[in-house]
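As structure tokens, the structure follows; a few thoughts come after it.
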Amino acid sequence: MTQQFNLNEALKQAIQTEKDVMDFYNRAAEITQNPKGKQVFKTLAKDEHEHASHFFQVYPGKDLGTFDEFMARPPQANIAMQQDLEKALKEGGTDRKAMEIAMREEELLEKNLRATAAQISDSKVKAVFEKMAKETNHHYQIIESEYARIMGMVHETDINTFVRE
Numbered sequence: 013m014t015q016q017f018n019l020n021e022a023l024k025q026a027i028q029t030e031k032d033v034m035d036f037y038n039r040a041a042e043i044t045q046n047p048k049g050k051q052v053f054k055t056l057a058k059d060e061h062e063h064a065s066h067f068f069q070v071y072p073g074k075d076l077g078t079f080d081e082f083m084a085r086p087p088q089a090n091i092a093m094q095q096d097l098e099k100a101l102k103e104g105g106t107d108r109k110a111m112e113i114a115m116r117e118e119e120l121l122e123k124n125l126r127a128t129a130a131q132i133s134d135s136k137v138k139a140v141f142e143k144m145a146k147e148t149n150h151h152y153q154i155i156e157s158e159y160a161r162i163m164g165m166v167h168e169t170d171i172n173t174f175v176r177e
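Just so we're aligned, residue 13 is where the sequence shown starts under the working numbering, counting upward by one.
Now the structure itself:
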């Protein structure tokens, strides 16, 4: 069964999702003590801002205001990943917890985006969701790599040290 989205709705959803994730990454960067982890979150927030701008440029609606106005809006309070991060902070959460939340949410978001894309019949709308899923997977991989580093796990850049031919 295909889902009936129009391109405008898909683009609007993509813009809001990118902003929500950007807001999470900005908050995670604020609370992260590890300099490398902080930089990872700042870079991901910048990527999300850029992704939102790409979608915004092709969004024909006028209901969001200008791009800068939309992106300057305060974070939505009802976003699960934001709520989880704030809860973790109150409980003494660490950089590690922020990365765990980010990985979990990126993985869930990618799964949902791919499932939604599979149900969409309009090829342009489908492409919006597939592009978001691909970008989400890339972000997951970045976070997973940094998480492995801060946890002292074998990092992919060290693989030659640990693998014998």
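Backbone N, C-alpha and C fix where the C-beta goes; we use that ideal spot for every residue, glycine too.
Specify the secondary structure class of residue i as computed by DSSP and reduced to three states.
{"i": "Ile27", "result": "helix"}
{"i": "Ile132", "result": "strand"}
{"i": "Tyr152", "result": "helix"}
{"i": "Gly49", "result": "helix"}
{"i": "Thr78", "result": "coil"}
{"i": "Tyr71", "result": "coil"}
{"i": "Met163", "result": "coil"}
{"i": "Ser20", "result": "Per the sequence shown, residue 20 should be read as Asn rather than Ser. Helix, per DSSP."}
{"i": "Ala89", "result": "coil"}
{"i": "Glu103", "result": "coil"}
{"i": "Thr44", "result": "coil"}
{"i": "Ser157", "result": "helix"}
Who are the near neighbours of residue i in its chain, counting only those whose CB is closer than 7 Å to its CB and skipping five residues on each side?
{"i": "Phe79", "result": "Ser65 and Phe68"}
{"i": "Ala1", "result": "What the structure shows of the chain is the stretch from 13 to 177, and residue 1 is not part of that stretch, so it cannot be assessed."}
If residue i and residue j are in contact, beta carbons under 8 Å, what's the gap, nearest whole angstrom?
{"i": "Glu115", "j": "Tyr159", "result": "In the sequence under discussion, the amino acid at residue 115 is Met, which differs from the Glu named in the question. That belief holds up - the Cβ atoms of Met115 and Tyr159 are roughly 7 Å apart, short of 8 Å."}
{"i": "Ile91", "j": "Asp32", "result": "5 Å"}
Evaluate residue i with the Cβ neighbour count: other Cβ atoms within 10 Å of its Cβ, from every protein chain shown; 16 or more gives buried, anything less gives exposed.
{"i": "Gly164", "result": "exposed"}
{"i": "Ala57", "result": "buried"}
{"i": "Lys138", "result": "buried"}
{"i": "Val70", "result": "exposed"}
Which same chain residues, not among the five before or five after residue i, have their C-beta less than 8 Å away from its C-beta?
{"i": "Glu119", "result": "Tyr152"}
{"i": "Lys74", "result": "none"}
Which same chain residues, not among the five before or five after residue i, have their C-beta less than 6 Å away from its C-beta?
{"i": "Thr128", "result": "Phe141"}
{"i": "Val52", "result": "Glu158"}
{"i": "Met111", "result": "Ile155 and Tyr159"}
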